[in-house]
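**Student:** Encoded as structure tokens, here's the structure I'll be asking about.
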Amino acid sequence: MKLLANFSLAQKHNRVVNQPLDLCGAESNTVPLEKVLGRMRLSEDVFCLFLAVLLVDLLPESSCGNNPRYEKFLNQHRDEPRSRFHGRYCNTLMGSRGLTKPECKEVNTFIHGSKRQIRAVCAEGGLPSGELRKSRQHFRVTTCTLRGGSTRPPCEYKENISPRYIVIGCEGGWPVHYDESQIVTSL
4 MKLLANFSLA
14 QKHNRVVNQP
24 LDLCGAESNT
34 VPLEKVLGRM
44 RLSEDVFCLF
54 LAVLLVDLLP
64 ESSCGNNPRY
74 EKFLNQHRDE
84 PRSRFHGRYC
94 NTLMGSRGLT
104 KPECKEVNTF
114 IHGSKRQIRA
124 VCAEGGLPSG
134 ELRKSRQHFR
144 VTTCTLRGGS
154 TRPPCEYKEN
164 ISPRYIVIGC
174 EGGWPVHYDE
184 SQIVTSL
């Protein structure tokens, strides 16, 4: 049984010494450096293609759309993974997202899903529902509802966590509106 221990360069002979260890401590034959490097070289075309794919993958999704309404939608309705505020989730998140000024927003839902999952509802991941789209899959959501009758700060919210189908409005394939009025628990 042989285990690969390390590779070292035998400078004097311009060779890579492949030193696998076996249970007896024997060494294998040396391999010419040119042969090893020849196997490792990538053609320029393959390298350029790899680099292009890597760069596209690193671009933020929102930069592809450059859509302020989509950015606002994400700020108001997406929280993935769900933030941990130990009993103060709605009060903290509503405030940090700017949803309590100048007035307290009465109801807001946060979707706990990736941008890709939510955006898919505008395409194959959703079903037409009038001018809106209903998701084909459940999402975990947290709905924050204002306590008391006043919409003037300070704002106090109660939270409700549930799985449900989301109903959203899309513009050019981008989510731009969450319909709070439709709570869909089954298709």
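Just remember that this note's numbering sits 3 ahead of the position in the sequence shown, which is counted from 1. The C-beta atom is built at its ideal place from N, Cα and C for all residues, glycine as well.
1. Beta-carbon within less than 6 Å of G98's beta-carbon, same chain only, minus the 5 sequence neighbours each way: which residues are those?
2. Would you list, in sequence order, the uninterrupted alpha helix (DSSP H) runs of no fewer than 4 residues that lie entirely inside the stretch 118 to 155?
3. Output the distance between the C-alpha atoms of T145 and N78, rounded to the nearest integer angstrom.
4. Quick one: is the Cβ of G172 within less than 7 Å of any heavy atom of the ligand ADP?
5. Name the DSSP beta bridge partners of F113, please?
6. Please report how far the alpha carbon of E162 lies from the alpha carbon of C147, in whole angstroms.
7. Let me check understanding here. Comparing Cα to Cα, which of P157, E134, I114, G90 lies closest to R105?
8. Whose C-beta lies closer than 7 Å to the C-beta of Y1 among residues of the same chain, with five residues either side of it excluded?
9. Hey, how far is the Cα of T112 from the Cα of R87?
10. Note down, in chain order, each residue of its chain lying with its Cβ closer than 8 Å to the Cβ of N70, except the 5 sequence neighbours on either side.
11. Determine the contact status of P166 and R143, defining contact as a CB-CB distance below 8 Å.
12. Can you tell me whether G172 is helix, strand or coil according to DSSP?
13. What span of residues does the alpha helix (DSSP H) with P178 cover, start to end?
14. Quick one: Cα of D82 to Cα of E134, how far?
**Tutor:** According to the data block:
1. none
2. 118 to 123
3. 14 Å
4. Questions concerning the ligand ADP fall outside what the structure shown contains, since it holds no ligand whatsoever.
5. Listed as beta-bridge partners of F113 by DSSP are T145.
6. Looking at the backbone, the Cα of E162 and that of C147 are separated by about 5 Å.
7. The question names Arg, but residue 105 in the sequence shown is Pro. Of P157, E134, I114, G90, the residue nearest in Cα terms is P157.
8. Given a span of 4 to 190 for the chain in the structure shown, any question on residue 1 remains unanswerable.
9. C-alpha separation (whole angstroms): 16 Å.
10. E174, G175, W177, V179
11. yes
12. strand
13. No alpha helix (DSSP H) contains P178, which is instead part of the beta strand (DSSP E) from 177 to 181.
14. D82 and E134 have their C-alpha atoms spaced approximately 25 Å apart.
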